[in-house]
Amino acid sequence: MTEDINIINDVLSGDIDAFKLLIQRYQKPVLSMTKNITNDYHTAQDIAQDTFFAAYKKLHTFDQNRSSFSTWLFTIAKNKSINALRKKKPIPADNLPENIDSANPADNLSQKEFFNKLDTALQRLPVKLKTAFVLAEFQNLTHSEIAKIEGAKTNTIKTRVFRAKEKLRLALNKLDGELI
Amino acid sequence: MKKQELYNAWKQNKNQIDIGDDFADETMGRIFDYEQNKFSNLFNTQRLIEYISVHPFVKLSLVTAGGVAGISRVIFTIIMILNKGVING
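Chains as they are written, first to last, in numbering that gives the first Met the number 0: chain F, 0 to 179; chain Y, 0 to 88.
Spelled out as structure tokens, the structure:
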């Protein structure tokens, strides 16, 4: 697989089409991240497109000595997602699309309820906790990578992820006795 | 199902996302449009602001020019006031 930096150099040399390789490589993690932060698929898709467009326009400012391309891209996506969150009112968690696969309808109901409670708890998290949690748990980024994206210390990120998990755990504890 | 299994299922569920086949093409279309209109419409306000914001030297030159103009105006005003004082006095 061609290294990101080689593709970037190709784009900067005038091969605009090469940028499509970067889009195809990162569209899924970027869209997944923006969706998990904004909690709205259509907004997330617009943000993901804006992210790639902004990345293309500022590609000449990318410095591989400071961060990897994916970290740089996630930083743009995270900033755009937070800006969108500030502009939009929160969407009720009931509107979330479900993708539950279970043979047992009773199981399904509990699982759905469980997912809804977690979704609600996730969306109620303060923005900084939410973004740290999404990047760590869904994007599987390391704490130091998240620290670069957030412009914070690694220990701060560890604390944010821990506090986010605590809050989610608290939300789940309220479900005790209701589940299964 | 145990809570941990449900939690893992939730995480997996949150990672499942459908991307339209045309996502990359649409984004590339936007990029091609941008490239085509990059220099043809530079004096459109939005493009001008965009151009200035991504070129630090242009930004610095404009700020410097603004500063020089401001200081010149202050000096000019002071000279005018002093001259008036000399003429009247």
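Ideal Cβ positions, reconstructed from N, Cα and C, are used throughout, including at glycine.
Task: Per-residue DSSP class, three states only, for Q138 of chain F - done: If DSSP states are grouped into helix, strand and coil, Q138 of chain F belongs with coil.
Open item on the list: With distance defined between alpha-carbon atoms, name the residue in F:K164, F:I148, F:T158 and F:K157 nearest to T70 of chain F.
Closed with: With respect to the C-alpha of T70 of chain F, the residue from F:K164, F:I148, F:T158 and F:K157 having the closest C-alpha is F:I148.
Task: Residues from the region 39-73 of chain Y in contact with chain F, defined by Cβ distance under 9 Å - done: Under the 9 Å Cβ criterion, the region 39-73 of chain Y contributes E49 and V53.
Open item on the list: So with CB distances below 8 Å, who are the chain F contacts of N14 of chain Y?
Closed with: Near N14 of chain Y (Cβ distances below 8 Å), the residues of chain F are S31 and F137.
- [ ] For chain F, find out if any of its Cβ atoms is closer than 9 Å to the Cβ of I30 of chain Y; answer yes or no.
- [x] Cβ-Cβ to chain F under 9 Å: yes for I30 of chain Y.
Task: Classification of L134 of chain F by the beta-carbon crowding that lies within 10 angstroms, buried from 16 upward - done: A residue is called buried once 16 or more other Cβ atoms fall within 10 Å of its Cβ, and L134 of chain F is buried on that count.
TODO: Would you check whether the ligand HEM has a heavy atom nearer than 8 Å to the C-beta of Q44 of chain F?
DONE: With respect to the ligand HEM, the structure offers nothing, as it holds no ligand at all.
Open item on the list: For chain Y, check one thing: does any of its Cβ atoms lie closer than 9 Å to the Cβ of K19 of chain F?
Closed with: Judged by the 9 Å Cβ criterion, K19 of chain F is in contact with chain Y.
Open item on the list: Could you check whether the Cβ of K34 of chain F sits closer than 9 Å to any Cβ belonging to chain Y?
Closed with: It does; some Cβ of chain Y falls within 9 Å.
Task: Test: D16 of chain F CB closer than 9 Å to a CB of chain Y - done: Yes, D16 of chain F counts as interfacial toward chain Y.
TODO: Determine, using beta carbons only, whether T60 of chain F comes closer than 9 Å to chain Y.
DONE: The beta carbon of T60 of chain F sits closer than 9 Å to some beta carbon of chain Y.
- [ ] For Q122 of chain F, go through chain Y and note every residue whose CB falls closer than 7 Å to its CB, in chain order.
- [x] Contact note: Q122 of chain F does not reach chain Y at a C-beta cutoff of 7 Å; the least C-beta distance is about 12 Å.
TODO: Indicate whether Y25 of chain F and L72 of chain F have their beta-carbon atoms separated by less than 9 Å.
DONE: Yes, Cβ-Cβ distance for Y25 of chain F and L72 of chain F is below 9 Å.
Open item on the list: On a Cα-Cα basis, can you pick out the residue from F:E112, F:H142 and F:I4 that is closest to T60 of chain F?
Closed with: Measuring from the Cα of T60 of chain F, the nearest candidate turns out to be F:I4.
- [ ] Using three-state DSSP, classify Q11 of chain Y as helix, strand or coil.
- [x] Here DSSP, grouped into helix, strand and coil, assigns Q11 of chain Y to helix.
Task: When F:R162, F:K87 and F:K86 are compared against A120 of chain F, the one with the closest alpha-carbon - done: Of the candidates F:R162, F:K87 and F:K86, the one whose C-alpha sits nearest the C-alpha of A120 of chain F is F:R162.
TODO: Just tell me which of F:N38, F:N64, F:R159 and F:L30 has its CA closest to the CA of K87 of chain F.
DONE: Here the closest residue by C-alpha is F:N38.
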